[in-house]
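Structure, as structure tokens:
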Amino acid sequence: MLENIYTELIAEHSQSKENRRALANATIKERGHNPSCGDEITLELEIADGVIKDAAFGGTGCAISQASTDMMIDLMRGKTIDEAKRLAELFIGMIHGDIIDDNELEELDEAAALKNISTMPARVKCATLAWHTLDAAIKNSGGDKLA
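Letter by letter, the sequence shown follows residues 63 to 209 of the numbering used here.
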């Protein structure tokens with residue numbers, strides 16, 4: 063049952079076109095690349111007054127990297143920079159198996175369904191690519207000044 067939900071979410075989000083587009087008013091653009099498998103994304107963010115107003119991405123990769131990116135964008139839209147950084151840390155901690163409390167992971171919404179990737183070492187970088195790219199985008203743009 064849980065496996066079916068996981069598979070359906072991966073399929074749904076990896077094929078979704080809603081967040082896969084160029085962002086007309088992007089204030090930050092960051093490229094993320096996973097050399098071990100070739101996944102790559104370009105993450106675009108529109109940040110105003112310390113809030114992620116909109117986000118989008120382009121790129122290619124496996125279903126897990128594309129689905130994780132799509133889920134992350136859905137989660138980050140409308141969040142402050144500080145909230146986005148905290149959620150990225152939470153997700154990365156979950157994927158690395160450091161954070162396992164389901165109550166704590168509820169904040170990740172659908173992205174929490176990727177929790178079991180922590181047991182698949184070859185897929186960890188796929189799942190975290192977008193989240194590390196978001197973190198780099200915030201840092202490279204002086205993210206602490208954006209908040």
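Where is the CB? At the ideal position from N, CA and C, for every residue including glycine. Every value quoted in this text rests on a predicted model; they were computed, and no experiment measured them.
### Task
Kindly indicate which three-state DSSP category HIS194 falls into: helix, strand or coil?
Three-state DSSP puts HIS194 in a helix.
### Task
Using the Cα positions of ASP197 and ASP132, report the straight-line distance between them to the nearest angstrom.
Cα-Cα distance, rounded: 16 Å.
### Which listed residue (GLY120, ALA184, CYS188) has its alpha carbon closest to that of PHE153
Comparing Cα positions, the closest option is CYS188.
### Closest by C-alpha distance to ASN81, when choosing among PRO183, GLU172, GLU166, PHE119
If you compare the alpha carbons of PRO183, GLU172, GLU166, PHE119 with that of ASN81, the shortest gap goes to PHE119.
### Task
For the beta strand (DSSP E) containing THR122, list its first residue and its last residue.
Here the beta strand (DSSP E) through THR122 covers 113–122.
### Task
Put ASN81 into one of helix, strand or coil per three-state DSSP.
Note: ASN81 maps to coil in three-state DSSP.
#### Entry: Classification of THR190 by the beta-carbon crowding that lies within 10 angstroms, buried from 16 upward
With 16 or more other CB atoms across the displayed protein chains lying within 10 angstroms of its CB, THR190 is buried.
### Task
For SER98, count neighbouring C-beta atoms within 10 Å of its own C-beta (all shown protein chains included) and say buried if the count is 16 or more, exposed if not.
The residue in question, SER98, is exposed, as its Cβ has fewer than 16 Cβ neighbours within 10 Å.
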